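So the structure is just underneath, and the comments pick up after that.
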Amino acid sequence: EPSSEPSSTPSSEPSSTPSSTPSSFPSSLPSSEPSSEPSSSYGLINGALCDRADIVIVDKYVCNSGEPDFDQEGVVCANNGESDQAYCSYDIGHNVCAYCIQSSSPSIT
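Start counting the sequence shown at 1494; every next residue gets the next number (the working numbering).
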């Protein structure tokens, strides 16, 4: 007969446990540190790897991979024919036109 009483007490405890779960989500969301990834030390410009420290962004908005331009990765977007010729570099940013100041960049094979 006393065994029927304990079944009513545990029902109040589980309601407090779910409130602790949502607090764990915000702590895992801060993804403002993409630079901590190993791939962040190099960027791709015109088919060649470039040390991020050597990347010069000429324009953040000129390249457009979508309509109406359909600019492809590596298309010249600034300073055509100059030593600082820049290319659409979607690895660097969504619409970025950039070049690498280091001329001895290893190319991807």
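All C-beta atoms, glycine included, are put in the ideal place defined by N, C-alpha and C. This one's a predicted model, so the numbers in the text were calculated from it and none came from an experiment.
- For C1590, the enclosing beta strand (DSSP E) stretches over residues 1590 to 1593.
- The residue among P1561, R1545, E1560, V1555 with its C-alpha nearest the C-alpha of Y1580 is V1555.
- Beyond the five residues adjoining it in sequence on each side, V1568 comes within less than 8 angstroms, by CB distance, of C1556, Y1580, C1581 in the same chain, given in chain order.
- Annotated three-state conformation of D1544 is strand, per DSSP.
- Straight across, the Cα-Cα distance linking I1585 with G1536 is about 6 angstroms.
- Residue pairing for C1581: DSSP places it in a beta bridge opposite C1590.
- In its chain, beyond the 5 residues on either side, V1569, A1571, N1572, Y1592 have a beta carbon closer than 8 angstroms to the beta carbon of Q1578.
- Bounds of any beta strand (DSSP E) do not take in C1556, whose DSSP letter is neither H nor E.
- Beyond the five residues adjoining it in sequence on each side, D1547 comes within less than 7 angstroms, by CB distance, of C1593, I1594, Q1595 in the same chain, given in chain order.
- Ranked by how close their Cα comes to the Cα of E1566, the residues N1588, S1576, C1543 have N1588 in first place.
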